[in-house]
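*Asks:* Pasting in a structure now, in structure tokens, and then I'll have a few things to ask.
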Amino acid sequence: MDISVTRSLESRTFVNSLKAALLVALMALAFVLFHSPAYADNCSEGERASIPPCAAVAQSQVVDGKTEIKVSGDANLENEAKAGIEVDNTSSDYQYQASVVSHCSQPFTVKFDLAWASDKTTTIEPSGSTELHTSHRIQQVSCCVNDGGCSQQ
311 MDISVTRSLE
321 SRTFVNSLKA
331 ALLVALMALA
341 FVLFHSPAYA
351 DNCSEGERAS
361 IPPCAAVAQS
371 QVVDGKTEIK
381 VSGDANLENE
391 AKAGIEVDNT
401 SSDYQYQASV
411 VSHCSQPFTV
421 KFDLAWASDK
431 TTTIEPSGST
441 ELHTSHRIQQ
451 VSCCVNDGGC
461 SQQ
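Mapping the sequence shown onto the working numbering, position 42 (from 1) lands on 352, and the numbers just tick up by one.
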């Protein structure tokens, strides 16, 4: 085989190897960015706790045309939390919803961890509530401990 042909094949192999390595690196970066909490987040993984006992969370998702609702927290607030969920099995606009209801005496900050989207953070005032309607799966609803409201009864 001619030397120029051999060098050409070696050059193409090297370029293809570099392309493959770059693609793997980009995929790894995308995985880290989409599966990690937001950087410069004021409520990162280590700064979260369960929702206070004086609050309740209802989460829903549409599965096979039916809305499934799970409630956690204060049992006395279960119906109030469920009331924040719109049950519309025909619409696919918002497949995932969450409703947080508080009878707490202090405000606290809630963090909604969303799959493949920017997380949402909001402060719930005393005896207040909030709702989230999204097309992204809600992975977790937690309390941000940095504001001191998570430990209230």
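Positions of the beta carbon are idealized from the N, C-alpha and C atoms, including for glycine. Fair warning: this is a prediction, and the values are worked out from it, not measured in the lab.
1. Evaluate Asp423 with the Cβ neighbour count: other Cβ atoms within 10 Å of its Cβ, from every protein chain shown; 16 or more gives buried, anything less gives exposed.
2. Looking at Cys453: is its Cβ nearer than 8 Å to the Cβ of Ala359?
3. Given that a residue counts as buried once 16 or more other Cβ atoms are within 10 Å of its Cβ, and exposed if not, what is Lys421?
4. For Met397, I'd like the list of residues in its chain whose CB is within less than 6 Å of its CB, leaving aside the five on either flank, ordered along the chain.
5. So Cys364 and Gln462 are supposed to be a Cβ contact under 8 Å. How far apart are they, rounded?
6. Taking the alpha carbon of Trp426 as the reference point, which residue from Arg322, Ile448, Asn326 has its own alpha carbon closest?
7. From Ser436 to Lys430, what does the alpha carbon distance come to, in whole angstroms?
*Replies:* Here's the rundown:
1. Per the 10 Å Cβ criterion, buried.
2. Yes. Within cutoff.
3. With 16 or more other Cβ atoms inside 10 Å of its own Cβ, Lys421 counts as buried.
4. One point to set straight first is that residue 397 is Val, not Met, in the sequence displayed. Counting only Cβ-Cβ distances below 6 Å, and skipping sequence neighbours, we find Thr377.
5. 6 Å
6. Ile448
7. It is Pro, not Ser, that sits at residue 436 in the sequence shown. Between Pro436 and Lys430, the C-alpha separation is close to 19 Å.
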